[in-house]
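When we follow our numbering, the leftmost residue of the sequence shown carries the number 1287, and every step to the right adds one.
A virtual CB, placed ideally from N, CA and C, is assigned to each residue, including glycine.
Model, not experiment: these values are computed from the prediction.
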Amino acid sequence: MKKNKKIIFPFFVIFASLVLLNGCKKDEDKKGKYVENPDWIAPIENNYEYQMTYVGQVAFQGKINDNTQTMVAAFCGSECRGLANLKYEQDLGLYVFYLSIYSNELEGETITIKAHNKNTKRMYLNCKTLTFVNDSSEGNINTILQCDK
């Protein structure tokens, strides 16, 4: 019986070490990064010449979000170019965001859409990427912005 204990103990130590090192990490890839309140600041419209819009509903991990404090933001690099909360459209029974995105370039800038799930306090940093085009509109009230990472 002592021989079995000598074999099992090292295996247990290695297994426990792997669980502690890997299993306790926050699962940011699947659940977003934990953030109580993001420090996103809405852009000042007058600082920009051009505008486009993005409209839709937001889903986290496949579930449509219904919290009007949930935020959707547009970024060009690290600069916030648009910020919106979900709005409840009572006639439709939907929670929709209406995001105005601003630029000083007529077109071509890469815009990254991020979102903060107020229910879980998780921030998703790459929900969608789009190209800025002045006076264009992306999505509609039935478009689902899927945020998984």
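N-terminal and C-terminal residue of the beta strand (DSSP E) that residue i is part of
{"i": "A1359", "result": "M1357 to C1362"}
{"i": "E1375", "result": "K1373 to E1375"}
{"i": "Q1343", "result": "Y1336 to F1346"}
Alpha-carbon spacing of residue i relative to residue j, whole angstroms
{"i": "G1363", "j": "N1390", "result": "14 Å"}
{"i": "G1309", "j": "I1327", "result": "The pLDDT assigned to G1309 is 34, lower than 50, so where the model puts this residue is not dependable; a value taken from the coordinates is nonetheless given after this. If I take the Cα positions, the gap works out to 34 Å."}
{"i": "N1420", "j": "E1393", "result": "6 Å"}
{"i": "Q1432", "j": "L1411", "result": "12 Å"}
{"i": "R1408", "j": "Y1336", "result": "31 Å"}
{"i": "S1423", "j": "Y1340", "result": "6 Å"}
{"i": "N1323", "j": "N1403", "result": "10 Å"}
{"i": "N1351", "j": "Y1320", "result": "17 Å"}
{"i": "C1413", "j": "E1375", "result": "23 Å"}
Among the options, nearest to residue i - alpha-carbon criterion
{"i": "R1367", "options": "E1395, N1351, G1348 and I1387", "result": "I1387"}
{"i": "L1378", "options": "N1426, D1325, P1329 and E1322", "result": "N1426"}
{"i": "T1360", "options": "L1416, D1434 and I1430", "result": "Per the sequence shown, the amino acid found at residue 1360 is Ala instead of Thr. Of L1416, D1434 and I1430, the residue nearest in Cα terms is L1416."}
*Could you tell me which uninterrupted beta strand (DSSP E) segments, each at least 3 residues in length, are contained entirely in the region 1388-1422, listed from first to last along the chain?*
1393-1403 and 1408-1419
*Any contact of the region 1337-1356 with the region 1368-1379, i.e. 3+ C-beta pairs under 8 Å?*
yes
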